[in-house]
Amino acid sequence: MAMTEERQGPPASALEHRGKNWAPADVERDLYDWWERSGFFTPPAEPAPGERTFVMMLPLPNVTGDLHLGHALSFGGYEDLMARYHRMLGDATLYMPGNDHAGIIAQIVVEKELAKEGIEKRTGLTREQFLAEMWQWMDHYIPRNNAQLRMLGCSLDWSRPNFTMDPAKQRAVRHHFIRLYRNGHLYRADRIVHWCLTCQTTYSDLEAKHEDRTDPLYYVRYPWADGAPDGAPDVIVATTRPETIVADVAVAVNPADERWSRWIGQEVLVPLVERRVPIVGDEAVDIGFGTGALKITPGHDATDFEIGQRHGLPVITAIDPRGRMTPAAGILAGAERNAARKKAVEVLRERGLLIREEPLTHAVGVHDRCFTVDEPLVMKQWWMRMPPLAAPAIDAVRSGRVRIVPAHFEKTYFNWMENIRDWPVSRQIWWGHAIPVWYCRECDEQVVPEPDGPDPVKCTRCGSTDLRQDPDVLDTWFSSALWPHTTLGWPDRTKDLARFYPGTVLETGYDILFFWVARMIMMGIENMGDIPFSTVVLHGMVKSGTEKMSKSRGNVVSPVEYIEENGADALRYALVNGVSLGADQSFSDARLQNARNFANKLWNIGRYALRAVEQRPDAFASHAVDARPPLDGLEAPERWILSRVEATVAEATRLIESYNFGEYASLMQAFVWNELADVYVELSKPGLRDERRADGVARTLAYALDRSLRLLHPIMPFVSETLALQLWQGRRKSDAAPSLVVSRWPAPAARDLALEERFALLAEVVRAIRSLRQDAGVDPSDRVTVALGSAEALRWGAEHIASLTNADVSFGGGDGTATVVRTVEVRVQVRRDAAAERARLEKELADTRAAADRVRATLAKPGFAERAPKEVVAKERARLAEREERIRMLEEELARLR
RNA sequence: GGGCAACUAGCUCAGCUGGUCAGAGCGCCUCGCUUACAACGAGGAGGUCGCUGGUUCGAGCCCAGCGUUGCCCACCA
Numbered sequence: 001m002a003m004t005e006e007r008q009g010p011p012a013s014a015l016e017h018r019g020k021n022w023a024p025a026d027v028e029r030d031l032y033d034w035w036e037r038s039g040f041f042t043p044p045a046e047p048a049p050g051e052r053t054f055v056m057m058l059p060l061p062n063v064t065g066d067l068h069l070g071h072a073l074s075f076g077g078y079e080d081l082m083a084r085y086h087r088m089l090g091d092a093t094l095y096m097p098g099n100d101h102a103g104i105i106a107q108i109v110v111e112k113e114l115a116k117e118g119i120e121k122r123t124g125l126t127r128e129q130f131l132a133e134m135w136q137w138m139d140h141y142i143p144r145n146n147a148q149l150r151m152l153g154c155s156l157d158w159s160r161p162n163f164t165m166d167p168a169k170q171r172a173v174r175h176h177f178i179r180l181y182r183n184g185h186l187y188r189a190d191r192i193v194h195w196c197l198t199c200q201t202t203y204s205d206l207e208a209k210h211e212d213r214t215d216p217l218y219y220v221r222y223p224w225a226d227g228a229p230d231g232a233p234d235v236i237v238a239t240t241r242p243e244t245i246v247a248d249v250a251v252a253v254n255p256a257d258e259r260w261s262r263w264i265g266q267e268v269l270v271p272l273v274e275r276r277v278p279i280v281g282d283e284a285v286d287i288g289f290g291t292g293a294l295k296i297t298p299g300h301d302a303t304d305f306e307i308g309q310r311h312g313l314p315v316i317t318a319i320d321p322r323g324r325m326t327p328a329a330g331i332l333a334g335a336e337r338n339a340a341r342k343k344a345v346e347v348l349r350e351r352g353l354l355i356r357e358e359p360l361t362h363a364v365g366v367h368d369r370c371f372t373v374d375e376p377l378v379m380k381q382w383w384m385r386m387p388p389l390a391a392p393a394i395d396a397v398r399s400g401r402v403r404i405v406p407a408h409f410e411k412t413y414f415n416w417m418e419n420i421r422d423w424p425v426s427r428q429i430w431w432g433h434a435i436p437v438w439y440c441r442e443c444d445e446q447v448v449p450e451p452d453g454p455d456p457v458k459c460t461r462c463g464s465t466d467l468r469q470d471p472d473v474l475d476t477w478f479s480s481a482l483w484p485h486t487t488l489g490w491p492d493r494t495k496d497l498a499r500f501y502p503g504t505v506l507e508t509g510y511d512i513l514f515f516w517v518a519r520m521i522m523m524g525i526e527n528m529g530d531i532p533f534s535t536v537v538l539h540g541m542v543k544s545g546t547e548k549m550s551k552s553r554g555n556v557v558s559p560v561e562y563i564e565e566n567g568a569d570a571l572r573y574a575l576v577n578g579v580s581l582g583a584d585q586s587f588s589d590a591r592l593q594n595a596r597n598f599a600n601k602l603w604n605i606g607r608y609a610l611r612a613v614e615q616r617p618d619a620f621a622s623h624a625v626d627a628r629p630p631l632d633g634l635e636a637p638e639r640w641i642l643s644r645v646e647a648t649v650a651e652a653t654r655l656i657e658s659y660n661f662g663e664y665a666s667l668m669q670a671f672v673w674n675e676l677a678d679v680y681v682e683l684s685k686p687g688l689r690d691e692r693r694a695d696g697v698a699r700t701l702a703y704a705l706d707r708s709l710r711l712l713h714p715i716m717p718f719v720s721e722t723l724a725l726q727l728w729q730g731r732r733k734s735d736a737a738p739s740l741v742v743s744r745w746p747a748p749a750a751r752d753l754a755l756e757e758r759f760a761l762l763a764e765v766v767r768a769i770r771s772l773r774q775d776a777g778v779d780p781s782d783r784v785t786v787a788l789g790s791a792e793a794l795r796w797g798a799e800h801i802a803s804l805t806n807a808d809v810s811f812g813g814g815d816g817t818a819t820v821v822r823t824v825e826v827r828v829q830v831r832r833d834a835a836a837e838r839a840r841l842e843k844e845l846a847d848t849r850a851a852a853d854r855v856r857a858t859l860a861k862p863g864f865a866e867r868a869p870k871e872v873v874a875k876e877r878a879r880l881a882e883r884e885e886r887i888r889m890l891e892e893e894l895a896r897l898r
């Protein structure tokens, strides 16, 4: 029993870590375990009345290997940041985990693994055996993937596991398919599709990439079928694929082409097969290319297929799915396609039909998975009719019901959606969702079962029992498009679905806006009658230097290794800090080092504040460490940093709310490092030695740390939690949250703007004194005397200036080296080097005069005084007055030098 | 062919609704191992914000044109 209770508390490793450096590895792991075990990542089981929800689906990583930096940015950077922020706001937060079966990609990976063992998939294994291998791979990699998500600190609700191939999702996909089939969105048709000879499957337009290649362009003469008509030119076409000549069914010319228009309708003979084919007129033909005459091969070229459709031309298939020439290829039959090309060229040359050849650089379609050159083929495939599905999805964005950030991606979205084409969804691979359609061997009827009904055993038309299920599977994106509702239980009307659909944010890379985001919006509206999420947050790509990171380039950085060395916080911070959402970034060691140093800085500020808290236990007898200290009795530095804390709370909140995560991260570094550490911590040191100030200082340090930890928790969950646990231990009210994870995001309290302004002057004076000291070569440990010209502006801060500069501060008079800060004379009592000093003062004088002139010019612009807002005019006048006064003082100082 | 973005310090990049917006990190120079931190501290150098016009009292910030680079879409045989 005692054991159990102990296990429910925070991990000892976090509570006891005290080292000079933030040493994360074991602490992070223990903390994550504790968070997960404690159920912090699971939204409350029952909805509270009027609860606000924050729902975000993990962009399901492919189960094909380890996470890379792009995942780290997406999951550990932006998403977990948002999830943790909203959880702290008190929203019922669901960050849904899951993995994608990754269809063809996963199949390729496993095939390669099998090949290493000498097993050929197609010949060495049955389909069932191969799928067993696939599942074995999944069993290994899903836990591995998820372990890495835990390392990143992602606050996913693991009590709701998901996999696109789990039984519930298979059922959902079946429902979805049958639903779309019944309402006419899915149909089966013979069309030209992209075919991959390596993967032996079709693929969609989105998966076709283009590469520039240089190939020979052959000019081939097509003889006139009945002898050349009077005045007719030779018909010469240009092609890079002479082996497809055997499948030609026409020659097309542009009807606007004067060279050819009058010959439309005449016939020519296709070389090699001597087929009579017509010359047709079609506007798709580019007048400027080659001779202006285009051979038409509907069976092997997408453009030609469309031209063929327009002119009612037949389709001849001369190349089979293995890349061999079919019997229809005549003299080329049986040859492999490259050999066939050679042979075609030879024969054409022999027959005097090859006029010439020249090199051509053109874009060649390749499969984005294996870079095999596309072999367009006409095949019977399942297609999804997209325009009707796209229409309401376009409207959802246009009307603002779905918002895309950064907004300029909305244009990209519209551009694609408004020109959307039907989507071939069947794939000739084994790993994936089965197509719930059976074909009758007797009458060829398509038999589609009830969504939850048994598989059909009898043809609905002829009653035959000789049925065969469609052997193809569905494209991976077919199932991932359903992610926002299938993870919540659709097609059943579950409690989760009612409570968490529509979701809130969908965060992912802009590279899958079409593949995934657009399709989720379409399918969500189709199946649920409502959008799947209200905001799409798109991030950019992580590059190594200026190069894209990719496995083939070998410049992929492993997040796992980074985390083990420096902690997840540093990695998360490095990826987010200072980056504009949606913009590509170049990742570098420098960025990571800064992040690691910052995590360490925070850690050490924490150690210092903790020590102060421990030294003054009485200060916290009746005052919680996370409570704002009452201002009564606090000195200026305490009041100042408290005011800055509130400014930071307000600004951090604003930046996160507006998706400016990069700026939020930068803001936190500027506050914690430059203000809290460099200024306030230094000012607190004498404060702690001063019995009258000490309690207030300790309370202020505790509060400033507490607020900093809360504000940083979304981006640096581990350091912040470790410090919070150590700070809070026994020093807060008993009903307070047990963890930063479930603590409250701060609401800003009042600032003291006048004090902040006075402190800004003090800081400038301090910097000037330090600079003068250093210029004069004074040893840092030597105490100097400083005389300040303006008592009223700074008398309140004299002791703080003194402690920050190791000086005795007095007002008025004095001698030694000098400068002017704003309108305050600053004089450090050391021997002055007249020549150097004169040069420095003259430069300052010149700069100030130039600055004053700029203000004068602004003020003198016609219309400025009348048309600019009064505050602006007043501000400019005050600025001029200050600069003029500074000029006067600098001149006086220079005069004194003589 | 169409579309989208970027061009700010040596490098990589921030600059929200036009009025200290000329910034950060890294790098560089000069000091300093002071009891939170050398994974540190202090000080400093460094930019006519791609070019040309325009709007405005006022423009890295808005408009137009141009230049350079990158990306996306598209039926270059």
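Note that my numbering has the first sequence beginning at 1, numbered continuously upward. We treat Cβ as the ideally placed atom computed from N, Cα and C, and that holds for glycine. For clarity, every value in this text was computed on a predicted model and none was experimentally measured.
Straight-line Cα distance separating residue j from residue i
i      : j      : result
Val235 : Val448 : 51 Å
Glu36  : Asp166 : 23 Å
Glu6   : Ala12  : Any reading at Glu6 needs caution, since the residue's pLDDT is 45, under 50, leaving its predicted position unreliable; the model's value is listed next. Roughly 10 Å between the two C-alpha positions.
Ser720 : Trp603 : 8 Å
Ser588 : Leu683 : 35 Å
Tyr664 : Thr535 : 19 Å
Ala302 : Tyr219 : 21 Å
Glu669 : Phe598 : Note on identity: in this sequence residue 669 is Gln, with Glu being the wrong assignment. Their backbone Cα atoms lie some 7 Å apart in a straight line.
Leu711 : Ala650 : 10 Å
Trp899 : Trp490 : In the structure as shown, the chain begins at 1 and stops at 898. Residue 899 is therefore absent and cannot be evaluated.
Glu350 : Thr244 : 18 Å
Glu891 : Arg877 : 21 Å
Chain-order list of residues whose beta-carbon lies under 6 Å from that of residue i (same chain, five-residue window excluded)
i      : result
Phe811 : Leu788, Ala791
Thr4   : With a pLDDT of only 44 at Thr4, under 50, the local geometry of the prediction cannot be trusted, and no value is derived from it.
Val345 : Pro242
Asp282 : Ala252, Ile307
Ala2   : Confidence in Ala2 is poor, its pLDDT being 39 and thus under 50, which makes the residue's placement too unreliable to answer from.
Arg403 : Thr535
Beta carbon of residue i nearer than 9 Å to that of residue j
i      : j      : result
Asp368 : Tyr510 : no
Phe130 : Lys116 : no
Leu69  : Gly98  : no
Trp195 : Pro327 : no
Ala73  : Val557 : For clarity, residue 73 is Leu in the given sequence; the question names Ala instead. Cβ atoms of Leu73 and Val557: not closer than 9 Å.
Asp304 : Val270 : no
Contact test: residue i Cβ vs the ligand ATP heavy atom, cutoff 8 Å
i      : result
Gly290 : The ligand ATP is not part of the structure shown, which contains no ligands of any sort.
Cβ shell of residue i (< 8 Å), same chain only, five flanking positions each side left out
i      : result
Ile178 : Pro436, Val448, Pro449, Glu450, Pro451
Arg324 : Gly334, Ala335, Glu336, Arg337
Buried versus exposed, by CB contacts within 10 Å (16 or more), residue i
i      : result
Tyr187 : exposed
Thr648 : buried
Pro298 : buried
Cys199 : buried
Thr487 : buried
Pro216 : exposed
7 Å CB neighbourhood of residue i in its chain, flanking five on each side removed
i      : result
Phe75  : Leu58, Leu149, Leu152, Cys154
Asn600 : Asn21, Trp22
- At least three beta-carbon pairs within less than 8 Å, the stretch 512-524 to the stretch 413-429: Taking 8 Å as the limit for Cβ pairs, the verdict is that the stretch 413-429 does touch the stretch 512-524.
- Item | Touch test, the stretch 700-712 against the stretch 626-646, Cβ-Cβ under 8 Å, three pairs minimum | yes
- Three or more C-beta pairs below 8 Å linking the stretch 395-407 and the stretch 211-230: no
- Item | Three CB pairs or more closer than 8 Å across the stretch 39-48 and the stretch 468-479 | The stretch 39-48 is not in contact with the stretch 468-479.
- Query: Would you call the stretch 15-34 and the stretch 139-148 touching, i.e. three or more CB-CB distances under 8 Å?
  - Reply: no
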